[in-house]
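Visitor: Pasting a structure below so you can have a look.
Numbering (full-length UniProt numbering), first residue to last: 1 to 244.
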């Protein structure tokens, strides 16, 4: 099994600010879009929130890149270009798991930190037309951006079971308390299994520290048949789904 830490949502470049935590729930804001989208922030019910966090730079009328898209326990996620090539190079496909993370602000202190906000277990992936033929396929609830306009030749859809976190649990936080932002606390097995974009030994600090890459969207770990990582993943999914 492959596990992918997938960077999504607002950050210092796309959107310009962290996503918020509202009433204890992390709300990953979809990045702004200029084209290849029919969905506005208002369509997502995020008009007031995006205007507040962006200090008026964005409004409900602005288009957003509504991806990953979640509804009814399902997830639709698009990828293309080098990031899609990276996933394919490392053999990611049906049966593998994505953990979506992003930049968030602590509601009390404003501290910026990375945290996991959602997950997807892949049921089908590939060219949009091919994925739509899968027996698992369900139509997305809104127009998906990776089905709109022109994309690179390797444009792909990933579809599966997934949802977003019901709480901003401390156990879903990646950034070590006190920071800096890219210093993560990770389970000890991750160092042993390895993570793409993190090959240099200097990135791994002690048993649980990781100087996470500032760039890159998809970080892939090959779990193989190891049971310890699978148990950790099960616990994380349970936290996201609110059953633990």
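Glycine included, each C-beta is placed from N, C-alpha and C at the ideal position.
All values reported here derive from a predicted model rather than from experimental measurement.
Under three-state DSSP, which class holds residue 81?
Guide: The answer is helix: DSSP assigns residue 81 an H, G or I state.
Visitor: Specify, as a first and last residue, the run of the alpha helix (DSSP H) that residue 192 falls within.
Guide: It spans 188-193 - the alpha helix (DSSP H) in which residue 192 sits, taken as one unbroken run.
Visitor: To the nearest angstrom, how far is the alpha carbon of residue 177 from that of residue 106?
Guide: Spanning the two alpha carbons is a distance of roughly 11 Å.
Visitor: Taking only the alpha-carbon atoms, compute the straight-line gap between residue 133 and residue 150 and give it to the nearest angstrom.
Guide: When rounded, the distance between both Cα atoms is 21 Å.
Visitor: Could you check how far apart the C-beta atoms of residue 98 and residue 120 are, in whole angstroms? I think they sit under 8 Å.
Guide: Going by Cβ atoms, the distance from residue 98 to residue 120 rounds to 5 Å, so yes, they are a contact pair.
Visitor: Can you tell me whether residue 2 is buried or exposed, with buried defined as 16 or more other CB within 10 angstroms of its CB?
Guide: Buried is the call here.
Visitor: What are the partner residues of residue 101, as DSSP defines its beta bridges?
Guide: Partner(s): 7 and 116.
Visitor: Beta-carbon within less than 6 Å of residue 116's beta-carbon, same chain only, minus the 5 sequence neighbours each way: which residues are those?
Guide: Cβ neighbours of residue 116 beyond the five flanking positions: 99, 101 and 172.
Visitor: For residue 114, is the classification buried or exposed, using 16 other Cβ atoms within 10 angstroms of its Cβ as the cut-off for buried?
Guide: Residue 114 should be labelled buried.
Visitor: I'd like the span of the beta strand (DSSP E) that includes residue 161, first residue to last.
Guide: Where residue 161 is concerned, the enclosing beta strand (DSSP E) stretches over 156-164.
Visitor: Considering only residues of the stretch 32-89, which uninterrupted beta strand (DSSP E) runs meet the minimum length of 3 residues and lie entirely inside it, listed in chain order?
Guide: Counting whole runs of 3 or more residues, the stretch 32-89 contains the beta strand (DSSP E) stretches 69-71 and 74-79.
Visitor: What is the DSSP secondary structure of residue 17, counted as helix, strand or coil?
Guide: It is coil, neither helix nor strand.
Visitor: Pick helix, strand or coil for residue 181, following the three-state DSSP scheme.
Guide: Coil at residue 181, not helix or strand.
Visitor: Apart from the five residues on each side of it in sequence, which residues of its chain come closer than 7 Å, Cβ to Cβ, to residue 46?
Guide: Within the same chain, residue 46 has close Cβ partners 29.
Visitor: Does the pairing of the stretch 137-144 with the stretch 68-88 give three or more beta-carbon distances under 8 Å?
Guide: Yes, they touch.
Visitor: Using the DSSP secondary-structure output, state which residues sit across from residue 124 in a beta bridge.
Guide: 159, per the DSSP bridge assignment.
Visitor: Taking all protein chains shown into account, decide if residue 212 is buried (16 or more other Cβ within 10 angstroms of its Cβ) or exposed.
Guide: Classification for residue 212: buried.
Visitor: Taking contact to mean at least 3 C-beta pairs separated by less than 8 Å, is the stretch 213-220 in contact with the stretch 228-237?
Guide: Touching, no, given that fewer than three Cβ pairs across the two stretches are closer than 8 Å.
Visitor: For the beta strand (DSSP E) containing residue 220, name the first residue and the last one.
Guide: Counting along the chain, the beta strand (DSSP E) containing residue 220 begins and ends at 218-222.
Visitor: Would the stretch 85-97 and the stretch 3-13 be scored as touching if the rule is three or more Cβ pairs under 8 Å?
Guide: Taking 8 Å as the limit for Cβ pairs, the verdict is that the stretch 3-13 does touch the stretch 85-97.
Visitor: Do the CB positions of residue 41 and residue 53 come within less than 8 Å of each other?
Guide: No, Cβ-Cβ distance for residue 41 and residue 53 is not below 8 Å.
Visitor: Taking DSSP's pairing of strands, which residues face residue 2 in a bridge?
Guide: Looking at the DSSP assignment, residue 2 forms a beta bridge with 222.
Visitor: If we call anything under 8 Å between Cβ atoms a contact, is residue 167 one with residue 24?
Guide: Taking 8 Å as the Cβ cut-off, residue 167 and residue 24 qualify as a contacting pair.
Visitor: Within the chosen definition, does the stretch 151-165 reach the stretch 54-63 through at least 3 CB pairs nearer than 8 Å?
Guide: Touching, no.
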